[in-house]
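Numbering of the sequence shown is given in our numbering, commencing with residue 15 and proceeding in unit increments.
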Amino acid sequence: MAQFINKREDVVTQAIDGILATSQGKLTRLDGFPHIRVVIRSDWDKSRVALVSGGGSGHEPAHAGFVGAGMLTAAVCGDVFASPSADAVLAGILAVTGSAGCLLIVKNYTGDRLNFGLAAERARSFGLKVNMVIVNDDIALPDLPQPRGIAGTLFVHKIAGAMAESGATLEAITHAAKRVISGIKSIGMSLDTCTVPGSPKENRIPAGMAELGLGIHGEAGVEQIDYTDAKTAMGAVASKLAARMDDAPHVALINNLGGTSVLEMSVLVHELVNSSIGKNISHVVGPAAMMTSLDMHGFSVSVFPADKSDLEALAELVSLTAWPGLSRVKPIAIAALPDGLMPLAPLPSDHKETRELLISCCNVLISAEHDLNALDAKSGDGDTGSTLAGAARALVKAVDRLSLSDHAQLLRAIGLELSQTMGGSSGVLLAIFFTAAGDGASNGLPMHEALKAGLLRMQEIGGAHLGDRTMVDALAPALDALGASLQSAAHAARTGATLTATLVRAKAGRAVYINAKQLEGHIDPGAEAVARLFEHLAISPT
């Protein structure tokens, strides 16, 4: 898999220098590249307790991203997923430790424990006061004698960081860190493994499965489970956490493992607060990428029963962009729509044949969702099928509220429904089409003429014409032929849709931004949808 790196052996040092270059002078590194990679606060004067953490790289923004006032004093960076050497850790300790002492915050991995532990012993031989705490928050493997340290470590960084900034003693900070560690519970889930720079990707997780309880270095999880949706995924995570949580308010840290979109993370927050443990989540940190696993398409949740002082420390503002802050979970606020936008409910009426035809047409679009998305991926953003299927599902849901026995009012009602439920330009255009067709029908036009009036209005506003490679290329000839028969209309629609595959230059719609070569041989998805609908109508018994 291609990655934006130069040489594998340079990736960590170049990434660190990239961070330093944009830190506005707040961060400094020790002169030890490539073997000693330590990032420290530029303003540090050794008057307070120093906090040093670190580990393998590949977890960005951890650890260098959390160096700054109110959090870490120094971060020691190893190679990707590899512990830094004892010499590198010692260099970090010596660079920032004064008479107040130093606390090492170490995740529970063998390499980190050994190298940080040896460095601490060597630093003590220099007469420095150095304590070390081990974070072991991962609950994925409950019987493991040495649970891993994962994203819950950020709770320790922030709470200990606030105490150090306020001038607390090494003993007080160490005691608080150990107390916080004892209360943190974390677990992660992913749909895919990560890609280590310069190495082939391990495709361990099959399609349709999710891995629960995997580590931040890509280690295999405790189990693979069937994946259906975000709700069930978060439900599995919440179930594991619930077994280890007290019935008390908790802070949840929602961590992006690196390759999950912002949109997905927001959905996961929604599912968390509505999960089995949602009633116990009083505050949230995130969602954000805080302790990642390179590009892993996954997330982790860490929970901690914070007391008042912990909440104050977590809420204390810091200038570090990597720390997303603490938010209280509150009920969702909903305001009424402004006057003039409240939907006017049509007078409902029933008509068996119309109901069946409308629902069957909607089912055509729903069943075509995948095919139309695949076509749109060639000429747009791959969502035409989902957009049309979503509108179709909304119409099926609204069918009992529609004027099924009055076709003029039905067309207007469909236009109104689409304007409210169907996004993008296609939603607006189809809303215009059906509304104008309804106006034409109410003025006495035959149905095929009313539909042509709707098409004309849509073209006037949207600007698409025959040959522009849009749904018009199938819809216009179909409506011209509709006066003869549905079979003629279906044939015309299919001919028009097929023709779009030869129109390599789009003149309207999103495809105008696509290279002509990419369009060649691919039917426009909107035209394909129109053709499938008319073909269905041609064989429909109603």
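Glycine is no exception: its CB is placed at the ideal position from the N, C-alpha and C atoms.
For residue i, the nearest candidate out of the options (CA to CA)
i	options	result
residue 208	200, 217, 202, 201	217
residue 268	540, 312, 331	312
residue 420	367, 553, 396	367
residue 424	458, 288, 361	361
residue 413	371, 452, 176, 509	371
residue 241	252, 251, 223, 257	223
residue 179	164, 257, 87	87
residue 194	147, 378, 290, 280	147
residue 416	428, 435, 374	428
residue 517	492, 500, 408, 479	479
residue 405	215, 438, 351, 89	438
residue 508	498, 45, 489, 497	489
residue 57	403, 39, 46, 47	39
residue 232	239, 16, 215, 348	215
residue 46	553, 99, 22, 460	99
residue 295	260, 277, 279	260
residue 249	281, 352, 274	281
residue 449	435, 422, 262	422
residue 407	388, 18, 432	432
residue 411	275, 140, 376	376
Proximal residues to residue i (C-beta, below 6 angstroms), its chain only, five neighbours per side dropped
i	result
residue 472	443, 446, 447
residue 162	122, 152, 229
residue 265	297, 318, 320
residue 24	none
residue 227	154, 201, 235, 236
residue 496	462, 503
residue 541	485, 487, 488, 511, 514
residue 548	492, 503, 504, 507
residue 500	551, 552
residue 390	396, 398, 539
residue 59	none
residue 96	70
Other residues of its chain near residue i: CB distance less than 7 angstroms, five sequence neighbours each side excluded
i	result
residue 382	399, 543, 546
residue 475	446
residue 512	537
residue 403	379, 380, 383
residue 198	151, 166, 169, 316, 318
residue 254	153, 201
residue 292	286
residue 22	211, 212
Rounded distance between the beta-carbons of residue j and residue i, thought under 8 angstroms
i	j	result
residue 225	residue 200	With a Cβ gap of about 15 angstroms, residue 225 and residue 200 do not count as contacting.
residue 181	residue 62	6 angstroms
residue 126	residue 79	That pair is no contact at about 18 angstroms.
residue 316	residue 272	That belief does not hold up - the Cβ atoms of residue 316 and residue 272 are roughly 16 angstroms apart, past 8 angstroms.
residue 305	residue 168	6 angstroms
residue 114	residue 235	That pair is no contact at about 41 angstroms.
residue 91	residue 138	Contact doesn't hold; Cβ gap of about 23 angstroms is too wide.
residue 81	residue 116	Contact flag wrong, Cβ pair sits at about 14 angstroms.
residue 550	residue 440	Not quite, the Cβ-Cβ distance comes to about 19 angstroms (not below 8 angstroms), so this is no contact.
residue 492	residue 503	4 angstroms
residue 256	residue 290	5 angstroms
residue 418	residue 462	Going by Cβ atoms, the distance from residue 418 to residue 462 rounds to 20 angstroms, so no, they are not a contact pair.
residue 119	residue 314	Not quite, the Cβ-Cβ distance comes to about 18 angstroms (not below 8 angstroms), so this is no contact.
is_contact[residue i, chain B] using C-beta, thresh 9 angstroms
i	result
residue 238	Absence of chain B from the displayed structure is noted, only one protein chain being present.
Close-in-space but distant-in-sequence residues of the same chain around residue i (CB under 8 angstroms, 5 per side omitted)
i	result
residue 85	65, 171, 172, 175, 332, 334, 337
residue 94	25, 26, 70, 71, 72, 210, 211, 308
residue 494	466, 506
residue 31	43
residue 191	117, 119, 147, 170, 173, 174
residue 558	In this structure the chain extends from 15 to 556, so residue 558 is not present and cannot be described.
Count Cβ pairs between the region 326-341 and the region 62-82 that sit closer than 8 angstroms; are there 3 or more?
yes
Let me know the alpha helix (DSSP H) ranges lying completely inside the region 163-229, each 4 residues or longer, listed in chain order.
167-179, 184-197
Which runs of the alpha helix (DSSP H), 4 residues or longer, sit entirely within the region 120-159?
124-139
Would you call the region 316-329 and the region 164-173 in contact, with 3 or more CB pairs under 8 angstroms?
yes
Beta strand (DSSP E) runs contained entirely in the region 49-115, provided each spans 3 or more residues:
52-55, 64-71, 88-94
Is the region 288-305 touching the region 339-350 in the sense that three or more CB pairs, one from each, lie closer than 8 angstroms?
yes
Stretch-stretch touch, CB-based, cutoff 8 angstroms, three pairs: the region 266-285 with the region 177-196:
no
Does the region 96-104 touch the region 131-144, meaning 3 or more C-beta pairs lie closer than 8 angstroms?
yes
What are the uninterrupted segments assigned as alpha helix (DSSP H) that are 4 or more residues long and contained completely in the region 215-297, given in chain order?
244-256, 276-287
Does the region 244-259 come within contact of the region 274-290, defined as at least 3 CB pairs closer than 8 angstroms?
yes
List in chain order: all unbroken alpha helix (DSSP H) runs of 4+ residues lying wholly within the region 329-417.
366-381, 383-393, 398-412
Evaluate the contact criterion for the region 452-460 versus the region 483-491: three or more CB pairs, one atom per stretch, below 8 angstroms.
no
Runs of alpha helix (DSSP H) lying entirely within the region 452-527, each at least 4 residues, in chain order:
461-476, 486-496, 500-514
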